[in-house]
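Asks:
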Amino acid sequence: MLTRNCLSLLLWVLFDGGLLTPLQPQPQQTLAIEPRENVIHLPGRRSHFQRVKRGWVWNQFFVLEEYMGSEPQYVGKLHSDLDKGEGTVKYTLSGDGAGTVFTIDETTGDIHAIRSLDREEKPFYTLRAQAVDIETRKPLEPESEFIIKVQDINDNEPKFLDGPYVASVPEMSPVGAYVLQVKATDADDPTYGNSARVVYSILQGQPYFSIDPKTGVIRTALPNMDREVKEQYQVLIQAKDMGGQLGGLAGTTIVNITLTDVNDNPPRFPKSIFHLKVPESSPIGSAIGRIRAVDPDFGQNAEIEYNIVPGDGGNLFDIVTDEDTQEGVIKLKKPLDFETKKAYTFKVEASNLHLDHRFHSVGPFKDTATVRISVLDVDEPPVFSKPLYTMEVYEDTPVGTIIGAVTAQDLDVGSSAVRYFIDWKSDGDSYFTIDGTEGTIATNELLDRESTAQYNFSIIASKVSNPLLTSKVNILINVLDVNEFPPEIAVPYETAVCENAKPGQTIQTVSAADRDLSPAGPQFSFRLSPEAAIKPNFTVRDFRNNTAGIETQRNGYSRRQQELYFLPIIIEDSSYPVQSSTNTMTIRVCRCDSDVIVVLYVALRRQKKKDTLMTSKEDIRDNVIHYDDEGGGEEDTQAFDIGALRNPKVIEDNKIRRDIKPDSLCLPRQRPPVEDNTDIRDFINQRLQENDVDPTAPPYDSLATYAYEGNGSVADSLSSIDSLTTEADQDYDYLTDWGPRFKVLADMFGEEENYNPDKVT
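Throughout the sequence shown, residue numbering follows the numbering used here, covering 5 to 765 in sequence.
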């Protein structure tokens, strides 16, 4: 440091005889003086330009950093050519560090640094100097700036600001594979000397890695580094300044390098055979054992897939991979039975899922092992011969009758006897009993199919040697129907035959109904009773389809001679025991001429459902008969008999109504007896009251006849007015049951029903 200060002083003496001239600061210049003349403005006078001699001659000064001397460090000297050494000039200093870092001798102009400086903290200082007259305190020269630059010394070692470092490189990488680049920073001046020129080297980590001394790039130095041998490396890196020369300062950092895994190892079973013991009672789908292949790789490179090699014994088992442990979990696909087979042997293959093509040449990335499973005998409950027992029993079967049996066996090696009992939770009414040794089921009460047609309960079988081992089976008992009711003829019970019928004509088709329930469906047969078959006017033809036809046996029938015939028909079922009944069919002889056909045709075309006549006044017709003859009073027996209104039955017995259609031509109607028709009485009384209070009633005697049709007539009106039905609503299938005389009508209406343009099919 002393040498440098002397050099500065020497340069200052040599240039311009120690005269200074104010110049602009030039921090990057070396020691050089460029003399020049400046145009200045003299303070305190009128502004004018004059050429003056250069007043300040100087260069930038240098001061050593980190100066540790006992005396203040000399920096330089300021001098003005106006200073004649008479003590009339005073030197002042202002700017960066003036008075705190730098001081100036006011008389001599010597500048000193009064404390140690750090270039890395502040590399230079800009100050201003001035010479003033001591007496007048006026400046003798214009103020000028100059720079004091802190001279750098190598006092900072290189530092790794980002350290320590963490890096990784795949295992088995070739030599020279890039790992990481490190960088050290030196705070010294990079433009001055070699204080900041850094060189990198490896202090620890050889021979595995190398580093470029200039760039700090770390690379692999050995081939085929195996992660499974060594995974972690700690490398110590040094950065030294002064170009690595002796005396330079150094800094270090640590780089932790990890070898990442690649799939360079196949899975391997630690042994060639695995022995497993499995109880025969193991449920299907349960895990019965685990095997494991070892793969030294890591992560997905160590993922293993297990498969059972097709062969003997493997079809009862399955194997899956436990993703957490990479074990092969063997599961049961089918039930085991110690008594059937006691051991199974098969092979298992383990292979990697994610392969690396670079290592295919090493060999197949798979391994196989043998698995031997021994089935362990377990004390099991009895086994029923069927999963479900279905039995049948007739109703009213005597109590104690055996209706079936169940069988259960102990299939274990040491076979045990079996006991049976009914599960009372499912058969709380105790309709059946079971023999505990034989397993036979018998009735315990009389059964009624109409009350309960089916019973469902459970039978439990337990081992005598271990009663806690039980099994259960369902019993389904169907109660069969006993043929208790005879069949009966279905409606209609009446039919008609025309007077001009021919022999062999079918005038009616009959069917039967049975209250008994036949599992196979009803099977009925029809025939005439023996007494009716001697000289039959009609016969019965069995169609063998649960229906029969009533056929004529005569050539014409006389209504005057006999209007009604009673035909006894025997109907017999096919159940056990066979039941039969005699049903009487009433046959009415009718006059089936062409006029009747026309009337019936019109009636059927216009029939409608009719409300009760008393619902409106329009349904009542008043007939007023006027005559001049007063009649013979009570003795006139030819007058109108009003008693006929009170007893409509008299009219109905003597004449046929003309305002309704015939009821199924001439089929008999059920006529309820009319003792005292109260609605007719009320109707007449109402009309009498209306006429009594009517002021327009005629003054002469008259008889008002009210044509009342009665209530609830089974005959409908022939009128189509206000008809509530349409022709499409009518069903004329019954015409086919009226015999051959109505065949034409049946065909006509059948064709109209078949031809329905409004019908959508």
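C-beta: ideal position from N, C-alpha, C; glycine also.
Just so you know, these numbers come straight off a predicted model, no measurement behind them.
Does the Cβ of Pro-386 have 16 or more other Cβ atoms within 10 Å, making it buried, or fewer, making it exposed?
Replies: As a first step, residue 386 must be located in the sequence shown, where it is residue number 382. The residue is buried, with at least 16 neighbouring Cβ atoms inside 10 Å.
Asks: Excluding the 5 residues flanking Tyr-71 on each side, which residues of the same chain have their C-beta closer than 8 Å to its C-beta?
Replies: The sequence position of residue 71 within the sequence shown is 67, counting from 1. Cβ neighbours of Tyr-71 beyond the five flanking positions: Met-5, Gln-77, Ala-117, Ser-120 and Leu-121.
Asks: Do you know how far the Cα of Lys-88 is from the Cα of Tyr-196?
Replies: Along the sequence shown, one-based indexing puts residue 196 at 192. Along the sequence shown, one-based indexing puts residue 88 at 84. Each residue's Cα considered, the two are about 40 Å apart.
Asks: In whole angstroms, what separates the C-alpha of Lys-351 from that of Leu-207?
Replies: Counting from one through the sequence shown, the residue named residue 351 turns up at place 347. Counting from one through the sequence shown, the residue named residue 207 turns up at place 203. Distance between the alpha carbons of Lys-351 and Leu-207: 54 Å.
Asks: Can you check which of these residues, Pro-339, Thr-344, Ser-355 and Arg-519, is closest to Thr-325 by C-alpha distance?
Replies: As a working mapping, residue 325 is identified with position 321 in the sequence shown. When each option's Cα is compared against that of Thr-325, the closest is Ser-355.
Asks: Buried or exposed: where does Pro-676 fall if 16 or more other Cβ atoms within 10 Å of its Cβ makes it buried?
Replies: Here residue 676 is taken as the residue at index 672 of the sequence shown, counted from 1. Summary for Pro-676: the model assigns pLDDT 44, below 50, so the residue's position carries little reliability, and this model does not support an answer.
Asks: Would you mind working out which of Gln-693, Ala-102, Gly-367 and Val-79 sits nearest Pro-271, comparing C-alpha positions?
Replies: Walking along the sequence shown from the start, residue 271 turns up at place 267. Checking every option, the nearest Cα to that of Pro-271 belongs to Gly-367.
Asks: In the DSSP assignment, what residue or residues form a beta bridge with Val-154?
Replies: To locate residue 154, count along the sequence shown from 1; it is residue 150. Answer is Val-67.
Asks: Looking only at DSSP bridge pairs, what is Gln-185 linked to?
Replies: One-based indexing of the sequence shown puts residue 185 at position 181. Val-221.
Asks: Classify Asp-371 as helix, strand or coil using the three-state DSSP reduction.
Replies: Sequence index remark: in the sequence shown, residue 371 carries index 367 (1-based). DSSP places Asp-371 in strand when its eight states are reduced to three.
Asks: Roughly how many angstroms lie between the CA atoms of Gly-99 and Arg-141, to the nearest whole one?
Replies: As a position in the sequence shown, residue 99 is number 95, starting the count at 1. As a position in the sequence shown, residue 141 is number 137, starting the count at 1. The straight-line gap from Cα to Cα measures roughly 20 Å.
Asks: Expressed to the nearest angstrom, what Euclidean distance is found between the alpha-carbon atoms of Ser-286 and Lys-337?
Replies: Start at 1 with the first residue of the sequence shown, and residue 286 comes out as number 282. Start at 1 with the first residue of the sequence shown, and residue 337 comes out as number 333. Answer to the nearest angstrom: the Cα atoms are 10 Å apart.
Asks: Helix, strand or coil for Glu-442, going by three-state DSSP, please let me know.
Replies: Residue mapping note: residue 442 aligns to position 438 of the sequence shown, counting from 1. Reduced to three states, the DSSP call for Glu-442 is coil.
Asks: Cα-Cα, which of Ile-323, Asp-383 and Val-233 is closest to Asn-311?
Replies: Start at 1 with the first residue of the sequence shown, and residue 311 comes out as number 307. When each option's Cα is compared against that of Asn-311, the closest is Ile-323.
Asks: Out of curiosity, what's the CA-to-CA distance linking Arg-231 and Gln-330?
Replies: Taking the sequence shown and counting its residues from 1, the one referred to as residue 231 is at position 227. Taking the sequence shown and counting its residues from 1, the one referred to as residue 330 is at position 326. Those two C-alpha atoms are separated by around 20 Å.
Asks: Considering only residues of the stretch 244-307, which uninterrupted beta strand (DSSP E) runs meet the minimum length of 3 residues and lie entirely inside it, listed in chain order?
Replies: 254-264, 277-283 and 291-295
Asks: For the stretch 231-249 and the stretch 155-173, state whether three or more C-beta atom pairs, one from each stretch, are separated by less than 8 Å.
Replies: yes
Asks: Between Val-486, Gln-527, Leu-240 and Ser-462, which lies nearest to Thr-434 when the distance is taken from Cα to Cα?
Replies: Working through the sequence shown from its first residue, we reach residue 434 at position 430. Reading off the sequence, residue 434 comes out as Ser, not Thr. When each option's Cα is compared against that of Ser-434, the closest is Ser-462.
Asks: Assuming the contact rule is C-beta atoms closer than 8 Å, Leu-450 and Asp-400 should be a hit. Round their C-beta distance to whole Å, please.
Replies: Your numbering for residue 450 matches position 446 in the sequence shown. Your numbering for residue 400 matches position 396 in the sequence shown. Yes, they are in contact, since the Cβ atoms of Leu-450 and Asp-400 sit about 6 Å apart, within 8 Å.
Asks: When the Cα atoms are used, what is the spatial distance from Thr-344 to Arg-362?
Replies: Working through the sequence shown from its first residue, we reach residue 344 at position 340. Working through the sequence shown from its first residue, we reach residue 362 at position 358. For Thr-344 and Arg-362, the distance between alpha carbons rounds to 50 Å.
Asks: By the 10 Å Cβ neighbour count, where 16 or more other Cβ atoms means buried, how is Pro-491 classified, buried or exposed?
Replies: The count along the sequence shown starts at 1 and reaches residue 491 at position 487. The residue is buried, with at least 16 neighbouring Cβ atoms inside 10 Å.
Asks: What's the gap between the Cα of Ile-152 and the Cα of Pro-217?
Replies: Working through the sequence shown from its first residue, we reach residue 152 at position 148. Working through the sequence shown from its first residue, we reach residue 217 at position 213. C-alpha separation (whole angstroms): 36 Å.
Asks: According to DSSP, is Asn-504 helix, strand or coil?
Replies: Taking the first residue of the sequence shown as 1, we reach residue 504 at position 500. The answer is coil: DSSP assigns Asn-504 none of H, G, I, E or B.
Asks: Under the three-state reduction of DSSP, which class applies to Arg-376: helix, strand or coil?
Replies: Stepping through the sequence shown from its first residue, residue 376 is reached at position 372. Three-state result, Arg-376: strand.
Asks: Helix, strand or coil: how does DSSP classify Phe-363 here?
Replies: What you label residue 363 is simply residue 359 of the sequence shown in a count that begins at 1. Reduced to three states, the DSSP call for Phe-363 is helix.
Asks: Would you list the residues sitting across from Phe-1 in a DSSP beta bridge?
Replies: Since the first residue of the chain shown is 5 and the last is 765, residue 1 is not available in this structure.
Asks: Could you tell me the boundaries of the beta strand (DSSP E) in which Tyr-196 lies?
Replies: Taking the sequence shown and counting its residues from 1, one reaches residue 196 at position 192. Taken as a continuous stretch (DSSP letters only), Tyr-196 belongs to no beta strand (DSSP E), as it is neither H nor E.
Asks: How would you write the range of the beta strand (DSSP E) that Leu-480 sits in, first residue to last?
Replies: In the sequence shown, the residue the question calls residue 480 occupies position 476. Taken as a continuous stretch (DSSP letters only), the beta strand (DSSP E) holding Leu-480 covers 474-484.
Asks: Compare the Cα-Cα distances from Arg-548 to each of Thr-437, Ser-578, Arg-296 and Arg-519 and report the closest residue.
Replies: Along the sequence shown, one-based indexing puts residue 548 at 544. Residue Ser-578 is the option with its Cα nearest to Arg-548.
Asks: To which residues of the same chain is Asp-696 closer than 6 Å at the C-beta, ignoring the five residues directly before and after it?
Replies: Against the sequence shown, residue 696 aligns to sequence position 692. Leaving aside the five residues that flank Asp-696 on each side, none in its chain has a CB nearer than 6 Å to its CB.
Asks: CB Gly-209 to CB Val-186, shorter than 8 Å?
Replies: Against the sequence shown, residue 209 aligns to sequence position 205. Against the sequence shown, residue 186 aligns to sequence position 182. No; because the gap between Cβ atoms is not below 8 Å, this pair is not in contact.
Asks: Look up Tyr-738 in the DSSP assignment and give the residues it is bridged to.
Replies: Locating residue 738 in the sequence shown gives position 734, where the first residue counts as 1. Its beta-bridge partners do not exist; DSSP assigns none.
Asks: In the DSSP assignment, find the beta strand (DSSP E) that holds Gly-408 and state where it starts and stops.
Replies: Numbered from its first residue, the sequence shown carries residue 408 at position 404. 406-409 is the span of the beta strand (DSSP E), which, as asked, contains Gly-408.
Asks: Take the Cβ of Phe-746 as the centre, count every other Cβ of all protein chains shown within 10 Å, and call the residue buried at 16 or more, exposed below.
Replies: In the sequence shown, the residue the question calls residue 746 occupies position 742. Result: buried.
Asks: Would you tell me roughly how many angstroms separate the C-alpha atoms of Pro-257 and Thr-189, rounded to the nearest one?
Replies: Within the sequence shown, numbered from 1, the residue matching residue 257 stands at position 253. Within the sequence shown, numbered from 1, the residue matching residue 189 stands at position 185. Note that residue 257 is Thr in the sequence shown here, rather than Pro. Approximately 12 Å, taken between the alpha carbons.
Asks: What number of angstroms, rounded off, separates the C-alpha of Glu-535 from the C-alpha of Leu-571?
Replies: In the sequence shown, counting from the first residue as 1, residue 535 sits at position 531. In the sequence shown, counting from the first residue as 1, residue 571 sits at position 567. One C-alpha to the other measures close to 10 Å.
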